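**Student:** Take this structure first; my questions come after.
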Amino acid sequence: MEVTNIKQQVKRADRYAIYIDGKYVLSLGETELLNSGLAIGSQLSKEEVSKLKDRAVIDKALDATMRFVAIRPRSEWEVLAYIKRKKYDEEVAEEILNRLSGSGFIDDESFARSWVSNRRLLKPVSKRRLIQELRQKRVDNSVIDKILAEDEVTDIATLQQLINKKRSLYKDNLKFMQYLARQGYSYQDVKQALEQKLDD
7 MEVTNIKQQV KRADRYAIYI DGKYVLSLGE TELLNSGLAI GSQLSKEEVS
57 KLKDRAVIDK ALDATMRFVA IRPRSEWEVL AYIKRKKYDE EVAEEILNRL
107 SGSGFIDDES FARSWVSNRR LLKPVSKRRL IQELRQKRVD NSVIDKILAE
157 DEVTDIATLQ QLINKKRSLY KDNLKFMQYL ARQGYSYQDV KQALEQKLDD
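If you use the working numbering, the sequence shown corresponds to residues 7 to 206, in order.
The following block contains the structure:
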């Protein structure tokens, strides 16, 4: 079996269509193509073609997953859920996770640190809410504890910001307290922050 052509794809310039005995058989990304050593005229056995097809599946899955991760940082669970939605088998999923973890693209500690930092920039948010959000992303509790221990922003500080921002929307003090509690703040912190506001 002979590689009769290698064509750069029109829609994806970083991927190449491989033709064997005049027929399209598979596509590879630029890096995988270079690693394979394929060239026009390369002679391949059936077994080698079969292995190339397996590599092509992993390469395509890795490419799609990299684009998913590039949009924003992702937890390991999010990446795994994405791979499962794409219906790749367990071996492919494991290979992708290993490669991305080894390259630093998947790291729940970095993800959690980035998540907390971004949420702090967007709006006042309680530590309880951050814990809930990170747990929804299936970040391990020990990682959550570590990242939030590094976070120097207190709930009282973010609560004061939220009170300053939302106070005018609530004439009823009880409803305002209920709103603040729904944002993940404890009753004690809400009471303390509101009392401090009245004293100011």
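A virtual CB, placed ideally from N, CA and C, is assigned to each residue, including glycine.
Since this is a predicted model, take the numbers as computed values, not measurements.
Could you have a look at A163 and say whether DSSP puts it in helix, strand or coil?
**Tutor:** A163 falls in the helix class under three-state DSSP.
**Student:** Run through the stretch 118 to 169 for me and flag every whole alpha helix (DSSP H) of 4 or more residues, listed as ranges in chain order.
**Tutor:** Taking only runs of at least 4 residues, the alpha helix (DSSP H) segments lying wholly in the stretch 118 to 169 are 133 to 142, 147 to 156.
**Student:** By Cβ distance below 8 Å, which residues in the same chain neighbour I12 in space, the five residues on each side in sequence not counted?
**Tutor:** The answer, listed in chain order, is Y22, A23, I24, Y25, L39, L44, A45, I46.
**Student:** At the level of alpha carbons, what is the spacing between V31 and Q138?
**Tutor:** So the two alpha carbons sit approximately 47 Å from each other.
**Student:** Between E84 and K143, which are expected to be in contact by the criterion C-beta below 8 Å, what is the C-beta distance as a whole number of angstroms?
**Tutor:** That pair is a contact at about 6 Å.
**Student:** Using the rule of at least 16 other Cβ atoms within 10 Å of the residue's Cβ for burial, across every protein chain shown, is K66 buried or exposed?
**Tutor:** Flag for K66 reads buried.
**Student:** Can you pull the DSSP bridge partners for A23?
**Tutor:** Looking at the DSSP assignment, A23 forms a beta bridge with K13, S33.
**Student:** Given this structure, state the Cα-to-Cα distance separating P130 from E36, to the nearest angstrom.
**Tutor:** Between P130 and E36, the C-alpha separation is close to 44 Å.
**Student:** Any idea which residues DSSP pairs D194 with across the strands?
**Tutor:** It is worth fixing the name first, because residue 194 is Gln in this sequence and not Asp. Answer by DSSP bridge pairing: none, since Q194 is not bridged.
**Student:** Quick test of the definition: if touching needs 3 or more C-beta pairs under 8 Å, does the stretch 101 to 120 touch the stretch 166 to 183?
**Tutor:** No, they do not touch.
**Student:** Between which two residues does the alpha helix (DSSP H) holding S48 run?
**Tutor:** No alpha helix (DSSP H) contains S48, which DSSP labels as neither H nor E.
**Student:** Excluding five sequence neighbours on each side, which residues of the same chain lie with their C-beta closer than 7 Å to the C-beta of E101?
**Tutor:** Contacts found: I64.
**Student:** Thinking I150 and L140 are a contact (beta carbons under 8 Å), I'd like their distance in whole angstroms, please.
**Tutor:** Contact holds; Cβ gap of about 5 Å.
**Student:** Just the C-alpha distance for A199 and E156, rounded to the nearest angstrom, thanks.
**Tutor:** Those two C-alpha atoms are separated by around 23 Å.
**Student:** Whose CA, out of A19, A187, N124, K177, lies closest to the CA of P79?
**Tutor:** The candidate whose alpha carbon is nearest that of P79 is N124.
**Student:** Less than 9 Å between the beta carbons of L136 and L154, yes or no?
**Tutor:** Against a cut-off of 9 Å, the Cβ pair of L154 and L136 comes out as a contact.
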